[in-house]
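Residues in the sequence shown are numbered consecutively from 986, following my numbering.
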Amino acid sequence: MSKKIMSVMLAIFMLASLCVVGLTSASAADMYNPGYRMSGETGGNNYAKAGDTITVTLSVNTNGRYSINAQMELFYDNTKLQFVEDTEEVLWPNLYVAGNSFVYNFNYSAADAPFATGIHFNYSTLKGVDLTNGKEMMYQYKFKVLEDVNNLNELFCQEFHVFSLYNAAGKPTQGDPSTDVVADDNSGLTDGVTASLVISGGYAPVVIDTAALKALIAEANTYVENGGYTADSIEALKAAIAAAEAVVAAPESQDQV
986 MSKKIMSVML AIFMLASLCV VGLTSASAAD MYNPGYRMSG ETGGNNYAKA GDTITVTLSV
1046 NTNGRYSINA QMELFYDNTK LQFVEDTEEV LWPNLYVAGN SFVYNFNYSA ADAPFATGIH
1106 FNYSTLKGVD LTNGKEMMYQ YKFKVLEDVN NLNELFCQEF HVFSLYNAAG KPTQGDPSTD
1166 VVADDNSGLT DGVTASLVIS GGYAPVVIDT AALKALIAEA NTYVENGGYT ADSIEALKAA
1226 IAAAEAVVAA PESQDQV
């Protein structure tokens, strides 16, 4: 099925549903078609501990153009992350607005998806969704980390299937022409439109200078061997040596810092 046909079908489906209350997402088999995939940016902060909270934010630069419809997912590794559900207004403050027919699914799965679980949404509107002038954020999701990880940048994948924008900048009038800016070959976004997926809440590893630390351990061991100190002092020094040796064994372990 071509992307243009999919875009038209999505618009028809959504506009026909404007008066329906309590919509749920269409099935993956009906709606899924691999789209433009992009990974997230951590700024090098790829480490997180079990229990940490990670925030993932998708923002777009539409060059001042409003959106008429979209279909997309954020897939994530549910063996290491747990999605934290919240209200629609918190998750999609610029999309879940009056006049926009919005459908979502927190437990989306699809064949050939990069991960087993995703957060899906699609929408369509006659008035246009404003993604300009401070409203560039499409979503902000939070995740609880289930186990220690060192590869946050590899645990998420954003997929754009349809992202249609009005052709001209500014507030649209009903019936204005629009374009799906997801490339036909799913290689990226077209018309100068850009997207940014930011993963925050992780940290960069603290790498210890093990050479200097090893020298200090060796020096401390001579004090233990030569004696001349109280028993309490020797025991305290042994404990310090053991802690230092643990750091040498795992120089990137934040727990040892």
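All residues carry an ideal CB built from backbone N, CA and C; glycine is no exception.
Kindly indicate which three-state DSSP category residue i falls into: helix, strand or coil?
i, result
"Val-1232", "helix"
"Asn-1085", "strand"
"Lys-1223", "helix"
"Ser-1024", "coil"
"Glu-1132", "coil"
Taking just the CA atoms, how far does residue j sit from residue i?
i, j, result
"Val-993", "Gly-1173", "Note that Val-993 has pLDDT 41, beneath the 50 cutoff, so the model's placement of it is unreliable and the number below is only indicative. Each residue's alpha carbon lies about 20 angstroms from the other."
"Val-1178", "Gly-1049", "10 angstroms"
"Ser-1109", "Ser-1024", "25 angstroms"
"Gln-1125", "Glu-1070", "11 angstroms"
"Asp-1037", "Glu-1230", "27 angstroms"
Are residue i and residue j close, meaning C-beta to C-beta below 8 angstroms?
i, j, result
"Asp-1169", "Phe-1148", "no"
"Val-1130", "Ile-1039", "yes"
"Val-1088", "Phe-1106", "yes"
"Tyr-1051", "Leu-1150", "yes"
"Val-1209", "Ile-1219", "yes"
"Glu-1079", "Lys-1034", "Residue identity differs from the one stated: residue 1079 is Asn in this sequence, not Glu. Not a contact, by the Cβ cut-off of 8 angstroms."
"Glu-1139", "Met-1057", "no"
"Leu-1116", "Thr-1047", "yes"
Nearest by alpha-carbon distance to residue i: which of the options is it?
i, options, result
"Thr-1064", "Ser-1109, Gly-1155, Met-1023, Phe-1128", "Phe-1128"
"Asn-1135", "Ala-1235, Tyr-1093, Gly-1187, Asp-1097", "Gly-1187"
"His-1146", "Asn-1054, Ala-1154, Ala-1033", "Asn-1054"
"Phe-1060", "Asp-1161, Phe-1091, Val-1114, Gly-1084", "Phe-1091"
"Lys-1156", "Thr-1042, Asn-1118, Gly-1028", "Asn-1118"
"Glu-1132", "Leu-1066, Ala-1200, Lys-1223", "Leu-1066"
Tell me the start and end of each unbroken beta strand (DSSP E) in the stretch 1152–1220 that is at least 3 residues and wholly inside, in chain order. 1163–1165, 1179–1185
Quick one: which unbroken beta strand (DSSP E) runs of 3-plus residues sit fully inside the stretch 1046–1102? Chain order, please. 1052–1061, 1066–1069, 1085–1093
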